Amino acid sequence: MKKIKYGVIGVGHMGNYHAKLCDKLRDYIDFVGVCDIRKDRADYIADLYNTKPYYRAIDLLKKVNAVSIAVPTNKHYMVSKMAFDQDVDILLEKPMTDNIEEARELINIASEKKLVFHVGHVERFNSAVLELMQYSGEIMPVSLRAKRLGPPSDRERDSGVILDLMIHDIDIILNLINSKVVDISAYGKKIHTNYEDIASVQMLFENGTFASIHASRITQKKIRTLDLTLPDRYIYLDYSEEDIYIYRKSATKNSRNNKIRKVIDTNVEQILIEKGNPLKLEIEHFIKTVGEKETSMFSSKQNLRSLKIVLEAQKKARSFFK
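Quick look at the structure:
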């Protein structure tokens, strides 16, 4: 495969990770450069990964075939449209945009120009999630519960915890459950920023499955978990450890006085998973869709559906703001 001329636009917290992995993937790409409007930041990251700094997105876009975009969410539409105007394939960090109209327009442009438009939902490439998704057509959960909690950070925030963090869990759950969402309730509270810093969302699906999702960036313990309750088993997934445990129905028997039921056999399985770097797997997949025209694992329809549900949940959560 001919090497793809690749660049990274926006090299803050997440963009730095993209640049670091691009440096490690030079067997597949020609790492042309990085771009940031902060000259000192662009210079620093370019020097760190032995590439060239750019300070205007258009200057880098004229020299590449594909690009990772990790600018603030409110700049996603503008920078992505600029890239498409230059016929450049895009890996755009989630969320796609902060409104549906702009998201639809970007999808339509990519489709018309036959360009790759990959939205960076990195948890989709978590090894445990990839394992669980193999059984998505076989499992019918009664309920799901997701927790994505963590402490405050010094990073500047341009969105609330629903669009910033909870979007991962909503996206995974929507891809697991093959059914329409028929009801959403949501609650959120501002603590340290002008956006919701803690939120709880509940979704009801047409098939009767319901999901509870909790996200926080004010909790002094990092937790990233998803659990599924099924009639015959319980599945527990740890995103951070990339582990899956399955708890099967246990056998019980009555005690002598017939008052206490004792568990005599608890069946717990841990699925052996070959763990990897989710972002590396995501970028490699994007490169293959660009260079080898491999079909993307996720469609524009899935990306748009996740964004619509997230924005609806965000709107409902913010209705409780004082």
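So in the working numbering the end of the sequence shown lands on 324, straight run, no missing numbers. Just so you know, even glycine gets a beta-carbon here, dropped at the ideal spot from N, CA and C. Remember, predicted model here, so these are calculated numbers, not experimental data.
Inset, instruction - Would you be able to state if there are at least three C-beta pairs under 8 Å between the region 59-74 and the region 30-50? - result: yes
Legend entry - Limits of the alpha helix (DSSP H) - the one that GLY293 falls within: Its alpha helix (DSSP H) spans residues 280-293.
Inset, instruction - Find out if the Cβ-Cβ distance for the pair LYS151, LYS224 is shorter than 9 Å. - result: First, the residue type needs correcting, since residue 151 is Leu and not Lys in the sequence shown. Against a cut-off of 9 Å, the Cβ pair of LYS224 and LEU151 comes out as a contact.
Legend entry - Contained beta strand (DSSP E) runs [length at least 3] in the region 123-155, N- to C-terminal order: 145-151
Legend entry - Of the residues THR291, PRO153 and VAL183, the one placed nearest THR221, counting alpha carbons only: Measuring from the Cα of THR221, the nearest candidate turns out to be PRO153.
Inset, instruction - Would you list the residues sitting across from THR231 in a DSSP beta bridge? - result: Beta-bridge pairing by DSSP links THR231 to SER145 and TYR236.
Legend entry - Continuous alpha helix (DSSP H) stretch holding ILE102: start and end: That run of the alpha helix (DSSP H) goes 102-115.
Inset, instruction - Would you kindly check if the distance between the Cβ of ILE246 and the Cβ of GLN272 is under 9 Å? - result: Yes, the pair counts as a contact, with Cβ atoms nearer than the cut-off.
Inset, instruction - Determine, using beta-carbon pairs with one atom in the region 119-134 and one in the region 169-188, whether at least three such pairs fall under 8 Å. - result: yes
Inset, instruction - Look at the Cβ atom of GLU244, then the Cβ atom of LYS277, and state whether they are nearer than 9 Å. - result: yes
Legend entry - Spatially closest choice to LEU230 from ASP185, LYS192, VAL184 and VAL144, by CA coordinates: VAL144
Inset, instruction - Taking the CB atoms as reference points, tell me whether HIS32 and ILE6 lie closer together than 9 Å. - result: The sequence as given places Asp at residue 32; His does not occur at that position. Cβ distance < 9 Å, so ASP32 and ILE6 count as in contact.
Legend entry - Cα-Cα separation, LYS295 to ARG159: Distance from the CA of LYS295 to the CA of ARG159, rounded to the nearest whole angstrom, comes to 35 Å.
Inset, instruction - Mind reading off the beta-carbon distance from LYS149 to THR227? Whole number of angstroms is fine, and I expect it under 8 Å. - result: 5 Å
Legend entry - Beta carbon of VAL69 nearer than 9 Å to that of LEU50: For the pair VAL69 and LEU50, the CB atoms are not nearer than the 9 Å cut-off.
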